[in-house]
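In what follows, a single structure is set out as structure tokens and then discussed.
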Amino acid sequence: MSVISLRNVSKSYKGLTLFDNIDLSIEQGKIYGFVGPNGSGKSVLFKMICGFVFPDSGKILVDGLEMGKSKRFPENFGIIIDRPGYIANKTGFQNLKELALIRGKINDDKISETMKIVGLEPQAKQKVKNYSLGMKQKLAIAQSIMEDQKVLILDEAFNALDAESVERIRNLLLSYKEEGRTILITSHNKEDINLLCDHVFRINNHKLESLDR
Ligand SMILES: Nc1ncnc2c1ncn2[C@@H]1O[C@H](COP(=O)(O)OP(=O)(O)OP(=O)(O)O)[C@@H](O)[C@H]1O
Ligand SMILES: [Mg+2]
24 MSVISLRNVS KSYKGLTLFD NIDLSIEQGK IYGFVGPNGS GKSVLFKMIC GFVFPDSGKI
84 LVDGLEMGKS KRFPENFGII IDRPGYIANK TGFQNLKELA LIRGKINDDK ISETMKIVGL
144 EPQAKQKVKN YSLGMKQKLA IAQSIMEDQK VLILDEAFNA LDAESVERIR NLLLSYKEEG
204 RTILITSHNK EDINLLCDHV FRINNHKLES LDR
């Protein structure tokens, strides 16, 4: 069974057609890349997959259950889409702790460990409002992975990261794939896509065009 499948999905905004009857099957343990110009619908596609936005027609199934009907939010998803909302006056650790309390799955040590993995200092007293762009991005990555989410939906996860951090996060994602996790990414950087992805789709003429050779 596919982890995620889209069947005959169409989506428009006030006369702006983004997707016209698209189908997609996402299999476990692979990395999928989605490319296309600004405004082509990559983020909207990810939002539909996560149940934040509904298609005009067609079905989206996650683990065989239809989103919006039997399933609201897929709890085993780790997500970065657009700019995540933070509590500006709290530290990075405190922000992650707030999020961790929602599910109660992980302890403080796991939060600290995850911060170190992405290159943030868990003990730092700096508030998130004073974080640099790249540090905010690392915090977004940390929240998406800290609960060992089985499916990662990462919209432009590499934005604003320095070269060394890009390398580290790429290796991290490849190690997750080896563990059997499923990852969807968008990136405007061809190298990210080429190095990481097993399958690549380009949004072209409101369809998903497979770029696999
Ligand atoms: N809630 C909304 N209401 C109206 N239009 C929207 C809405 N959300 C997205 N759009 C439009 O849908 C189109 C696709 O947006 P989307 O953010 O998915 O593009 P993208 O491929 O992710 O672009 P980028 O590469 O810049 O991130 C854009 O023209 C955008 O303005
Ligand atoms: Mg986008």
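Letter by letter, the sequence shown follows residues 24 to 236 in this note's numbering.
Just so you know, even glycine gets a beta-carbon here, dropped at the ideal spot from N, CA and C.
All values derive from a computational prediction rather than experimental measurement.
Same chain only: Cβ atoms within 8 Å of residue i, ignoring 5 sequence neighbours per side
{"i": "V76", "result": "K34, V67, K70"}
{"i": "I192", "result": "V141, I164, A180, F181, L184"}
{"i": "C220", "result": "I54, Y55, G56, I208"}
Whether residue i touches residue j by CB criterion (8 Å)
{"i": "I49", "j": "T205", "result": "yes"}
{"i": "I103", "j": "I164", "result": "yes"}
{"i": "K139", "j": "T114", "result": "no"}
{"i": "L41", "j": "G64", "result": "yes"}
{"i": "D132", "j": "G157", "result": "no"}
{"i": "A174", "j": "P78", "result": "Per the sequence presented here, residue 174 reads as Val, with Ala not at that position. Taking 8 Å as the Cβ cut-off, V174 and P78 do not qualify as a contacting pair."}
Distance cut-off 7 Å: residue i Cβ against heavy atoms of ligand 2
{"i": "S66", "result": "yes"}
{"i": "D178", "result": "yes"}
Helix, strand or coil at residue i according to DSSP, with G and I counted as helix
{"i": "S233", "result": "strand"}
{"i": "F69", "result": "helix"}
{"i": "Y199", "result": "helix"}
{"i": "G81", "result": "strand"}
{"i": "G115", "result": "helix"}
Check: residue i C-beta below 7 Å from any heavy atom of ligand 1
{"i": "N44", "result": "no"}
{"i": "G74", "result": "no"}
{"i": "S63", "result": "yes"}
{"i": "Y36", "result": "yes"}
{"i": "L195", "result": "no"}
{"i": "G59", "result": "yes"}
Beta-bridge pairing of residue i - partner residues as DSSP gives them
{"i": "T209", "result": "F57, D178"}
{"i": "I27", "result": "I49, V85"}
Same chain only: Cβ atoms within 7 Å of residue i, ignoring 5 sequence neighbours per side
{"i": "L231", "result": "I45, L47, F224"}
{"i": "I129", "result": "A123, M169, E170"}
{"i": "K148", "result": "T114"}
Cβ-heavy atom distance, residue i to ligand 4, below 7 Å
{"i": "L47", "result": "This structure does not include ligand 4; its bound ligands are ligand 1 and ligand 2."}
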